[in-house]
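Reading through the structure tokens given below for one structure.
Residue numbers (the working numbering): 6 to 186.
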């Protein structure tokens, strides 16, 4: 986000530069000259008086043909592009934050369901089937199948924890926060 803001500021500075370069150049100047004049005659040269001259002036360069219109248009387009990139980056960051929050909440709901309902119920089922197996009423494969269901519930719990942690990391990255805080 900061990079997009800097690009926008850079484009604005470029436009200001082009605009300042397209203005007329005004230059003030002064000049002092001193000279001696002499008259050359066939019989010799005769010195005349000393001439002193002080000149003031202002020079204004009018940009009649080079008004930098192309550079101005290019700079304006660069500003608009930088603004659009910043808005796009802002929208992406907002979307990433919302998505990360939604994934965190979904993972929390899944964890709550697994921890409060699924795993305790699966543990009870394994204990019940183990007691029935010890009485000889069912086969060992039924007990193994119920233990497999408990393992799958534990695997689902691990996946939900992974999803929550990954979503929290994505949220921290999207908002630019440290993971240590």
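The beta-carbon is built from N, C-alpha and C at its ideal position, and this holds for glycine as well.
Grab the span of the alpha helix (DSSP H) containing residue i for me, first residue to last.
i           : result
residue 129 : 124 to 139
residue 149 : 145 to 180
residue 74  : 74 to 118
Rounded to the nearest angstrom, what separates residue i and residue j at their Cα positions?
i           : j           : result
residue 183 : residue 21  : 37 Å
residue 181 : residue 33  : 54 Å
residue 101 : residue 176 : 7 Å
residue 136 : residue 155 : 16 Å
residue 97  : residue 178 : 13 Å
residue 59  : residue 38  : 7 Å
residue 57  : residue 66  : 29 Å
Leaving aside the five residues before and after residue i along the sequence, list all residues of the same chain whose C-beta is less than 8 Å from its C-beta, in chain order.
i          : result
residue 63 : 31, 32, 33, 34
Among the residues of its own chain, which have a CB less than 7 Å from the CB of residue i, if the five just before and after it don't count?
i           : result
residue 129 : none
residue 131 : 151, 152, 155
Tell me, please, whether the stretch 140 to 158 touches the stretch 166 to 179 by the rule of three or more beta-carbon pairs shorter than 8 Å. no
Would the stretch 158 to 165 count as touching the stretch 78 to 89 if we require 3 or more Cβ pairs under 8 Å? No, they do not touch.
For the structure I just gave you, are there three or more beta carbon pairs, one from the stretch 88 to 107 and one from the stretch 171 to 180, closer than 8 Å? yes
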